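Asks: Take 710 as the starting number for the sequence shown in my numbering and just add one per residue. Don't be surprised by glycine CBs; every beta carbon is placed ideally from N, CA and C. Model, not experiment: these values are computed from the prediction.
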Amino acid sequence: MFGPPGSGKGTQAARLGKAHTLAHISTGDMLRGAMAAESDLGKRVKGVVERGDLVPDDLMLGLVRERLSEPDATGGFLLDGFPRTVPQAEGLLDVMRDLDRNLDVVVVLDVADDILVGRALKRGRSDDNEETIRHRLSVYRRQTEPVLSFLEGKVPIASVDGVGEIDEIGERIGRVLDATD
Ligand code: AMP
710 MFGPPGSGKG
720 TQAARLGKAH
730 TLAHISTGDM
740 LRGAMAAESD
750 LGKRVKGVVE
760 RGDLVPDDLM
770 LGLVRERLSE
780 PDATGGFLLD
790 GFPRTVPQAE
800 GLLDVMRDLD
810 RNLDVVVVLD
820 VADDILVGRA
830 LKRGRSDDNE
840 ETIRHRLSVY
850 RRQTEPVLSF
860 LEGKVPIASV
870 DGVGEIDEIG
880 ERIGRVLDAT
890 D
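#1: For Asp819, which residues of its own chain have a beta-carbon under 7 Å away from its beta-carbon, when the five flanking residues on both sides are left out?
#2: What's the gap between the Cα of Gly751 and the Cα of Leu740?
#3: Determine the DSSP secondary structure at Leu731, reduced to helix, strand or coil.
#4: Helix, strand or coil for Leu801? Go by DSSP, reduced to three states.
#5: Given a threshold of 16 other Cβ atoms within 10 Å of its Cβ, counted over all protein chains shown, does Ser835 qualify as buried or as exposed?
#6: Exposed or buried, which one is Thr794 when buried takes at least 16 other CB atoms within 10 Å?
#7: List the endpoints of the continuous beta strand (DSSP E) containing Leu763.
#8: Where do the ends of the alpha helix (DSSP H) carrying Asp781 lie?
#9: The beta strand (DSSP E) spanning Asn818 covers which residue range?
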C-alpha cells in the first residue's frame, strides 16, 4: 500500500489485511510501538520520526526482513509505509528473492496535497503538526515517489483515487485487486 502521509493507506491496509487474512505490516506502527516501549530501537528512531524524516534504510530493511520471516506473514502480507526509498525497494526485492516470494501489486492511493494536510491534522498524532506534515509530504515527493519509477516494469502498479468515503475507496482497491488476480 503506497501513498503520501495522510492518504489513508494505514486505514485501507488494516481493512484489507483483516478481510483477506494477510499480515498487515506497518513500519510506522512498528516504530511507534518501539518508541512507546522505549526500547533501544525506539530511543534510536524517536528524533527522526518526530521530525518527519526517514529512519536509515539498513535499519528499516533489517526490521522488515525479520518481520517477513514471522509465521503470520507466510500466508501473505501487506506492506504499509514500506518501501519508502529506492534502496529500500531494492533491498525488498532481494529479500523477496531470498524468501522465494513475490510482490503481487503496488496499490497507490492518489490524494492532492491540500486534502492530505487537512486529513493528517485531524489525526492528531504527535508527529502531525502542520509543519511536520508539510515536511513529510516533501520527503514523500523527493524520496518516496521515485520508488514507483524504480518498481515500474518489475511489479504491477495500480493507482486508486484516494478521495471519498472509506468504504468507497476500499471497494476501488478491491476492484483493482480482483483485476490483478
Ligand atoms: P507512517 O506511519 O508510515 O506515516 O510512518 C511514520 C514515520 O515513521 C515516518 O514519518 C518515518 O519517520 C518513519 N517511517 C515509517 N516507515 C518508514 C520507512 N519505510 N523508512 C523510513 N522511515 C519510516
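Replies: In brief:
#1: The residue you call residue 819 lines up with position 110 of the sequence shown. In the same chain as Asp819, and ignoring 5 residues on each side of it, the C-beta atoms closer than 7 Å to its own belong to Ser868, Val869, Asp870 and Gly871, in chain order.
#2: Working through the sequence shown from its first residue, we reach residue 751 at position 42. Working through the sequence shown from its first residue, we reach residue 740 at position 31. So the alpha carbons of these two residues sit roughly 6 Å apart.
#3: To locate residue 731, count along the sequence shown from 1; it is residue 22. Leu731: coil per DSSP, three-state reduction.
#4: Within the sequence shown, the letter at position 92 stands for residue 801. Correct three-state label for Leu801: helix.
#5: Counting from one through the sequence shown, the residue named residue 835 turns up at place 126. Ser835 sits exposed, since fewer than 16 C-beta atoms from the chains shown fall within 10 Å of its C-beta.
#6: Position 85 of the sequence shown, counting from 1, holds the residue named residue 794. Under this definition Thr794 is a buried residue.
#7: Counted from its first residue, the sequence shown places residue 763 at position 54. According to the DSSP assignment, Leu763 belongs to no beta strand (DSSP E), since it is labelled neither H nor E.
#8: The residue labelled residue 781 in the question sits at position 72 within the sequence shown. Careful: Asp781 lies outside any alpha helix (DSSP H) and carries neither H nor E.
#9: Stepping through the sequence shown from its first residue, residue 818 is reached at position 109. Here residue 818 turns out to be Leu, not Asn, going by the sequence shown. For Leu818, the enclosing beta strand (DSSP E) starts and ends at Val815 to Asp819.
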